[in-house]
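Here UniProt numbering is used: position 303 in the sequence shown is 303, and no number is missing along the way.
For each residue, glycine too, the CB sits at the ideal point set by N, CA and C.
What follows is a single structure, written as structure tokens, with notes after it.
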Amino acid sequence: MHQVNDLRRIDLNLLVILEALLSEQHVTRAAERLHLSQPAVSHALARLRDLLGDPLLVRAGAGLIATPRALELIAPLAEALAQVQALLAPNAFDPGTAKRTFRLAMSDYGAAIVLPGLIRALRRDAPGIDLQISHGSREGMLDAVLNGDIDLAAGVFPELPNELRSTPLFEERYACLVDRESLGADGVLDLPTYLARPHVLLEMRGSGPPEIERALTVLRERRRIAVSLPHWSVAPEIISGTDLILTVASRGLRDIDERTLVVVPPPFHIPSFTFVLAWHMRRGGDQALNWLNGRIGEGIVRKT
1 MHQVNDLRRI DLNLLVILEA LLSEQHVTRA AERLHLSQPA VSHALARLRD LLGDPLLVRA
61 GAGLIATPRA LELIAPLAEA LAQVQALLAP NAFDPGTAKR TFRLAMSDYG AAIVLPGLIR
121 ALRRDAPGID LQISHGSREG MLDAVLNGDI DLAAGVFPEL PNELRSTPLF EERYACLVDR
181 ESLGADGVLD LPTYLARPHV LLEMRGSGPP EIERALTVLR ERRRIAVSLP HWSVAPEIIS
241 GTDLILTVAS RGLRDIDERT LVVVPPPFHI PSFTFVLAWH MRRGGDQALN WLNGRIGEGI
301 VRKT
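Below you can see the structure in the form of structure tokens.
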């Protein structure tokens, strides 16, 4: 009977507010995210503290930090909300009749790999499904998923927050793009030449140290970055007719102009990486999102 009475004290809305508070660690931001007033969220926090017997968020300087008990709640809370969402969801998702907009974040490399096949599949099998695509750094995309601004993020995420889950799409390796005439008669790019020549870097601010730099650090070597770009589309044209080298994921080099450009292996070991889809674990019961996740994976498999 005591357990039943405790359950009666729990308002599902409190759990939703708790999830936002633990994610934002800021009352005002949590209120904005939930479209509630700040006093309402502050009142809910007081009720949660009483219910759980823990301060949950304590002041540290100008902000708030989660208590150890609050940190323990993050993962099970997200799972519980996902199960409730699945319980209340319609019995079946019908892609042929569904009207839905999905928000996806990816780089232009990811867009080139994912979107052509996905959009053809949607127009054929789910014409009422619309997509909104955004571009950002790795950290920016993950933050958008955490905040609920994005449904899925496609990219390379070596480390994911505890609240996020991922589906691997494919393993990728690095390759070098060079001007064909600049490479030499033997068609080989050796390490001294690689280090001596200038390079093009594809990186968005906030994306962290590039994998190539980490691999060179192991060799105690550095390269000179002559051009830094936040996007892929113009990079091959920059390489053509120059001594520049572009080291990028190999799938992005499939449609180059082979009359003037050539793809060669890097002259040193750069670890391969996994390209994944990332989503918030609270969305695990979203049948429509699970369907989209599966269609993206199927399209990648067919493309490879």
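Endpoints, beta strand (DSSP E) assigned at residue i
i: Thr217; result: Looking at the DSSP string, Thr217 is not in any beta strand (DSSP E); the run it does join, the alpha helix (DSSP H), is 211-218.
i: Ser168; result: The amino acid occupying residue 168 in the given sequence is Pro; Ser does not appear at that position. From DSSP, the beta strand (DSSP E) with Pro168 extends over 164-172.
i: Arg197; result: Per DSSP, Arg197 belongs to no beta strand (DSSP E) and is neither H nor E.
i: Ile129; result: 129-134
i: Ile239; result: Unbroken run through Ile239 is the alpha helix (DSSP H), 235-239; no beta strand (DSSP E).
i: Ser250; result: That residue, Ser250, is in no beta strand (DSSP E); it is neither H nor E in DSSP.
i: Val264; result: 261-264
i: Val227; result: 225-229
i: Gly155; result: 152-155
Sequence-distant residues of the same chain with beta carbon closer than 6 angstroms to residue i, five excluded per side
i: Thr30; result: Before going further, note that residue 30 is Ala rather than Thr in the sequence given. Cβ within range, chain order: Ala20, Leu21, Glu24, Val41.
i: Leu122; result: Ile129
i: Ser228; result: Leu201
i: Asp125; result: Pro95
i: Arg69; result: Asp54
Within 8 angstroms, strictly: CB atoms of residue i and residue j
i: Val156; j: Phe273; result: yes
i: Pro172; j: Phe275; result: The displayed chain sequence assigns Glu, not Pro, to residue 172. Contact: yes.
i: Leu56; j: Val27; result: no
i: Tyr109; j: Trp232; result: yes
i: Leu277; j: Ser166; result: yes
i: Ile150; j: Arg103; result: yes
i: Pro264; j: Leu253; result: According to the sequence provided, residue 264 is Val. The question's Pro does not apply to it. No. Outside cutoff.
i: Thr67; j: Asp54; result: yes
i: Tyr174; j: Val248; result: yes
i: Leu71; j: Arg47; result: no
i: Ala153; j: Ala215; result: no
i: Gly285; j: Gln83; result: yes
i: Ile212; j: Ile270; result: yes
i: Leu142; j: Pro168; result: no
i: Ile133; j: Ala111; result: yes
Contact set for residue i: own chain, Cβ-Cβ below 8 angstroms, skip 5 residues either direction
i: residue 346; result: Past the edges of the chain, shown from 1 to 304, lies residue 346, and the structure says nothing about it.
i: Ile239; result: Leu177, Val178, Asp179, Val200, Ile245, Leu246, Leu261
i: residue 313; result: In this structure the chain extends from 1 to 304, so residue 313 is not present and cannot be described.
i: Leu289; result: Phe102, Asp151, Leu152, Trp279, Arg283
i: Leu64; result: Gln25, His26, Val27, Leu57, Val58
Element boundaries [alpha helix (DSSP H), containing residue i]
i: residue 305; result: This structure leaves residue 305 out entirely; the chain is present only between 1 and 304.
i: Gly140; result: 138-147
i: Leu183; result: 180-183
Cβ-heavy atom distance, residue i to the ligand GDP, below 7 angstroms
i: Gln38; result: Of the ligands one can find in the structure shown there are none, so the ligand GDP has no counterpart to examine.
Beta-carbon separation (whole angstroms), residue i vs residue j, contact threshold 8 angstroms
i: Asp190; j: Pro267; result: 5 angstroms
i: Leu219; j: Ala235; result: That pair is no contact at about 24 angstroms.
i: His199; j: Arg223; result: 5 angstroms
Proximal residues to residue i (C-beta, below 7 angstroms), its chain only, five neighbours per side dropped
i: Leu118; result: Arg295, Ile296, Gly299
i: Asn147; result: Arg33
Residue i at chain B interface by Cβ criterion, 8 angstroms
i: His199; result: The chain inventory of the structure shown lacks chain B, comprising one protein chain alone.
Extract the residue ranges of the alpha helix (DSSP H) inside the UniProt domain "HTH lysR-type" (10-67), only unbroken runs of 4 or more that lie entirely within it. Listed in chain order, the complete alpha helix (DSSP H) runs (minimum 4 residues) inside the UniProt domain "HTH lysR-type" (10-67) are 12-24, 27-34, 38-52.
What are the uninterrupted segments assigned as beta strand (DSSP E) that are 3 or more residues long and contained completely in the region 268-298, given in chain order? Qualifying beta strand (DSSP E) stretches, in chain order: 273-280.
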